[in-house]
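J.: Position 172 of the sequence shown, counted from 1, bears residue number 314 in my numbering, the numbering being contiguous throughout.
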Amino acid sequence: MRIGTLKESYTADAALFDSHTQKVWLAIAAALLVLFPFMASDYWLYMACLVAINVASATGLNILTGYTGLVSLGQAAFMGLGAYTVAILQTRWGTPFALNLLAGGVVAMVGGIVVGIPSLRVKGLYLAIATIAASFIAHFLFANLKITGGTAGISLQPARLFGMDLDTSFRLYWLIVPVMVLMLLGAANLFRTRIGRAFIAIRDRDISAEVLGIPLLRYKLLSFGLSSFYAGVAGGLWAYFFRVVTPESFPLTMSIFFLAAIIVGGMGSILGGILGAVFMTMVPELLKLVVDLLPGGTALTVFLSPVRLVIFGALIIGFLVFEPLGLAEMWRRIRRFFHLWPFRN
143 MRIGTLKESY TADAALFDSH TQKVWLAIAA ALLVLFPFMA SDYWLYMACL VAINVASATG
203 LNILTGYTGL VSLGQAAFMG LGAYTVAILQ TRWGTPFALN LLAGGVVAMV GGIVVGIPSL
263 RVKGLYLAIA TIAASFIAHF LFANLKITGG TAGISLQPAR LFGMDLDTSF RLYWLIVPVM
323 VLMLLGAANL FRTRIGRAFI AIRDRDISAE VLGIPLLRYK LLSFGLSSFY AGVAGGLWAY
383 FFRVVTPESF PLTMSIFFLA AIIVGGMGSI LGGILGAVFM TMVPELLKLV VDLLPGGTAL
443 TVFLSPVRLV IFGALIIGFL VFEPLGLAEM WRRIRRFFHL WPFRN
């Protein structure tokens with residue numbers, strides 16, 4: 143029975159994987175990720191790629207909102223910056239996809255740092271409004287600049303790896319999922335460093351963090367930059383996945399989607415970003431499958447479609463009311479229960 147962890151050194155306390163059980167489960171998860179594309183249909187491969195993209199972007203927003211305490215509704219705009227950067231580089235110069243994704247992340251990072259400048263003066267709702275304004279500015283630029291193709295957007299060729307076009311969900315899986323895993327590992331490692339601990343200190347009490355010598359503006363801008371970098375890379379993956387980028391691809395509702403994902407999953411938790419993105423992506427699809435299986439034909443499906451959205455919204459509200467710490471906390475409670483239940487009185 144494991145009811146705690148004994149850490150005898152700072153190195154042990156900062157270890158990424160702190161138990162043999164954790165390593166075993168991660169190895170099982172890695173094996174399932176490798177085997178999944180050989181067993182799944184095209185539909186489920188499509189959904190797996192979409193989930194992976196959403197996990198990457200939600201993880202970036204969790205760095206900013208969950209760990210640093212800065213509310214942002216501009217994640218979709220930063221994804222758009224990354225997607226358009228990838229599309230422009232791909233169509234105009236034909237540069238390799240790895241360089242394109244990196245450039246997309248860097249461009250989005252620069253945009254995030256610019257948007258994050260007001261964070262020293264405003265916070266909470268006011269900062270959220272500032273990021274919404276940035277979203278509208280980004281949408282205006284996407285729709286009106288010549289280099290972005292205007293309202294028609296940009297269509298791009300599939301990514302190429304070792305001379306092979308990544309033009310199917312099966313092939314794209316081997317690009318999108320490994321990139322997502324690297325991003326998750328990067329985020330997990332970030333909070334073992336002084337930078338990540340500074341983010342958490344700012345979230346808990348920014349005035350106290352400043353008294354302790356943490357330069358608020360520098361670390362807030364760094365948090366915005368890292369979050370936007372994640373969004374930019376996710377946007378680049380999105381561009382290669384759908385192979386067309388338009389201003390309507392990244393609406394404000396997408397930013398709300400990612401904010402809801404980290405709230406449902408659990409803010410300030412890498413696992414929360416994963417579970418929230420999976421929940422927000424898959425539950426509407428599962429509800430749609432249930433509706434399609436009901437007898438009654440097309441008429442019943444059309445009638446129940448709004449009901450499906452109401453059920454989805456009710457599930458989100460239920461999490462906010464009954465489990466504000468999200469799915470990650472539910473998982474931790476389940477783990478504790480199964481560790482302890484044989485020894486309960």
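Glycine residues also receive a C-beta, built at the ideal position from the N, C-alpha and C atoms.
Between which two residues does the alpha helix (DSSP H) containing Trp380 stretch?
T.: Per DSSP, Trp380 belongs to the alpha helix (DSSP H) from 358-384.
J.: Does the distance from the C-beta atom of Ala376 to that of Gly202 stay below 9 Å?
T.: Their beta carbons are under 9 Å apart, which means Ala376 touches Gly202 by this criterion.
J.: Rounded to whole angstroms, what's the CA-CA distance from Thr210 to Pro320? Just pull it up for me.
T.: Taking the straight line joining both Cα atoms gives about 26 Å.
J.: Around the Cβ of Asn487, are there at least 16 other Cβ atoms within 10 angstroms (buried) or fewer (exposed)?
T.: Bear in mind that a pLDDT of 42 at Asn487, under 50, signals an unreliable position, so the number given afterwards is only what the model happens to contain. Exposed is the call here.
J.: In this structure, does DSSP put Leu303 in helix, strand or coil?
T.: Three-state DSSP puts Leu303 in a strand.
J.: Among the residues of its own chain, which have a CB less than 6 Å from the CB of Asn196, if the five just before and after it don't count?
T.: The residues are Ala419, Thr423.
J.: How is Ser261 classed by DSSP in three states: helix, strand or coil?
T.: Looking at Ser261 - three-state DSSP - the assignment turns out to be helix.
J.: Could you pull the start and end residues of the alpha helix (DSSP H) that Ile337 belongs to?
T.: Its alpha helix (DSSP H) spans residues 336-346.
J.: Just how far apart, CA to CA, sit Gly258 and Tyr185?
T.: Going by the C-alpha atoms only, they are around 38 Å apart.
J.: Tell me where the alpha helix (DSSP H) around Ala294 begins and ends.
T.: Note, Ala294: premise wrong, no alpha helix (DSSP H); not H, not E.
J.: Helix, strand or coil for Val387, going by three-state DSSP, please let me know.
T.: Here Val387 sits in strand by DSSP.
J.: Take Arg385 as the anchor and find which of Gln299, Pro357, Glu352 has the nearest alpha-carbon.
T.: When each option's Cα is compared against that of Arg385, the closest is Gln299.
J.: Assign Trp316 to one of three DSSP states: helix, strand, or coil.
T.: It is helical.
J.: Go through its chain and collect everything with a Cβ distance to Ser199's Cβ below 8 Å, but skip five positions before and after it.
T.: The residues are Gln217, Met221, Tyr372, Ala373, Ala376, Gly377, Phe400, Ala419.
J.: With DSSP run on the structure shown, which of helix, strand or coil describes Pro393?
T.: Pro393: coil per DSSP, three-state reduction.
J.: Based on Cα-Cα distance, which residue from Arg345, Val452, His281, Trp380 lies nearest to Val425?
T.: Taking only the C-alpha atoms, the option nearest Val425 is Val452.
J.: Please identify the residue among Leu241, Pro260, Ala229 whose C-alpha is closest to the C-alpha of Leu359.
T.: Residue Pro260 is the option with its Cα nearest to Leu359.
J.: Mind listing, in chain order, the continuous alpha helix (DSSP H) runs of no fewer than 4 residues lying wholly within the stretch 179-220?
T.: If we require 4 residues or more, the alpha helix (DSSP H) runs fully inside the stretch 179-220 come out as 184-203.
J.: If you follow the alpha helix (DSSP H) that Leu269 is part of, which residue opens it and which one closes it?
T.: Leu269 -> alpha helix (DSSP H) spans 267-286.
J.: Go through its chain and collect everything with a Cβ distance to Val228's Cβ below 6 Å, but skip five positions before and after it.
T.: The answer, listed in chain order, is Asn242, Gly246, Gly378, Ala381.
J.: Just to confirm, does Val248 get its C-beta within under 8 Å of one of the non-hydrogen atoms of the ligand MG?
T.: Among the components of this structure there are no ligands whatsoever, and the ligand MG is therefore not found.
J.: When the Cα atoms are used, what is the spatial distance from Phe485 to Leu417?
T.: With a pLDDT of only 46 at Phe485, under 50, the local geometry of the prediction cannot be trusted, and no value is derived from it.
J.: Classify Arg232 as buried or exposed, calling it buried when 16 or more other Cβ atoms lie within 10 Å of its own Cβ.
T.: At residue 232 the sequence reads Gln, which differs from the Arg that was named. With 16 or more other Cβ atoms within 10 Å, it is buried.
J.: Locate the alpha helix (DSSP H) running through Phe333, then write down its first and last residues.
T.: Phe333 -> no alpha helix (DSSP H), and no H or E assigned at all.
J.: So which of Leu394, Pro389, Gly460, Gly468 has the shortest CA-CA distance to Leu287?
T.: Taking only the C-alpha atoms, the option nearest Leu287 is Pro389.
J.: State the DSSP-derived secondary structure class of Gly222, mapped to helix, strand or coil.
T.: Looking at Gly222 - three-state DSSP - the assignment turns out to be helix.
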